[in-house]
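Heads up, the thing below is written out as structure tokens.
So, in structure tokens, the structure goes:
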């Protein structure tokens, strides 16, 4: 028993020294935490590590400026194209009105000829020379109408081929009536084709105007964009919610051409 007690008493001072050393380390750590609390904030170090550097911010600023310039150029070109499409639509609208007016004029002439056709026709001798004169009159009148763009090439071919109702033996009054009816049909078909072109031009002008507006809005939005410099990992309790309860952020940036409607 004396031997055991003597050995234990010899180890007590050594254990006391060890405990005092551990206690000193704990006191030093607590004092450091109190004096420098930010020294052991791991989340702050992580946040500093993931934040973009000045070089990255400068490159993103260059990308944003280049994107804004590209969108501005595209918006300017779209505006010019929209103006050209609108001018084409106005020209097509004028063509429709002109075609309709020409059709109305021919229709009025045709009504007068129909009224005159009710009267008895003048008597002319039934000779080969008379029929030759009637044929020459029909050809000259049809050719003059073709040069005035009142007859199509197909109709003129029918005149010289004496088909589809074109009879050179008819009286000149009857020939004029047939000719004016053919002119009326041709002008009506031309008016319908002009109306189709006008509708297509209006549709193209609307699309061009919508595209120009979209690019103009995108150009205005691109000018005010700033590079991402805010903290990626905010400290707990430092979030600043927006009116919708979300963290404010920068609009997403994509390199390339803007979307066109």
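In the numbering used here, the protein residues as written are -16 to 244. The C-beta atom is built at its ideal place from N, Cα and C for all residues, glycine as well. Computed from a prediction, not measured in an experiment: that's the story for all the values here.
key: Status (buried if at least 16 other CB within 10 Å, exposed otherwise) for residue 123   = exposed
query = Are the beta-carbon atoms belonging to residue 167 and residue 82 less than 9 Å from one another?
reply = no
key: CA-to-CA distance, residue 182 to residue 75, given in whole angstroms   = 9 Å
key: Cα-Cα separation, residue 50 to residue 69   = 28 Å
inquiry  = Looking only at its chain, what residues have a beta carbon closer than 6 Å to the beta carbon of residue 54, apart from the 5 residues adjacent to it on each side?
reply    = 201, 202, 205, 241
query = So residue 198 packs on residue 64, CB below 8 Å; how close in whole Å?
reply = Not quite, the Cβ-Cβ distance comes to about 10 Å (not below 8 Å), so this is no contact.
ask   = With C-beta atoms as the reference, is residue 188 less than 9 Å away from residue 71?
value = yes
key: Status (buried if at least 16 other CB within 10 Å, exposed otherwise) for residue 95   = exposed
Rounded C-alpha distance that separates residue 161 from residue 196 = 53 Å
ask   = What's the call for residue 191, buried or exposed, on a 16-neighbour Cβ count within 10 Å?
value = buried
message = Spatial neighbours of residue 147 within its chain, please: C-beta separation below 6 Å, excluding the five flanking residues on both sides.
response = 141
request  = Confirm, please, whether the CB-CB distance from residue 134 to residue 125 is below 9 Å.
outcome  = yes
ask   = So is residue 67 buried or exposed if we call it buried at 16+ other beta carbons inside 10 Å?
value = exposed
task = Tell whether a beta-carbon distance below 9 Å holds between residue 78 and residue 163.
result = no
query = Would you call residue 112 buried or exposed, if buried means 16 or more other Cβ atoms sit within 10 Å of its Cβ?
reply = exposed
request  = Kindly indicate which three-state DSSP category residue 15 falls into: helix, strand or coil?
outcome  = helix
request  = With a 10 Å radius around its C-beta and 16 neighbouring C-beta atoms as the bar for buried, classify residue 159 as buried or exposed.
outcome  = buried
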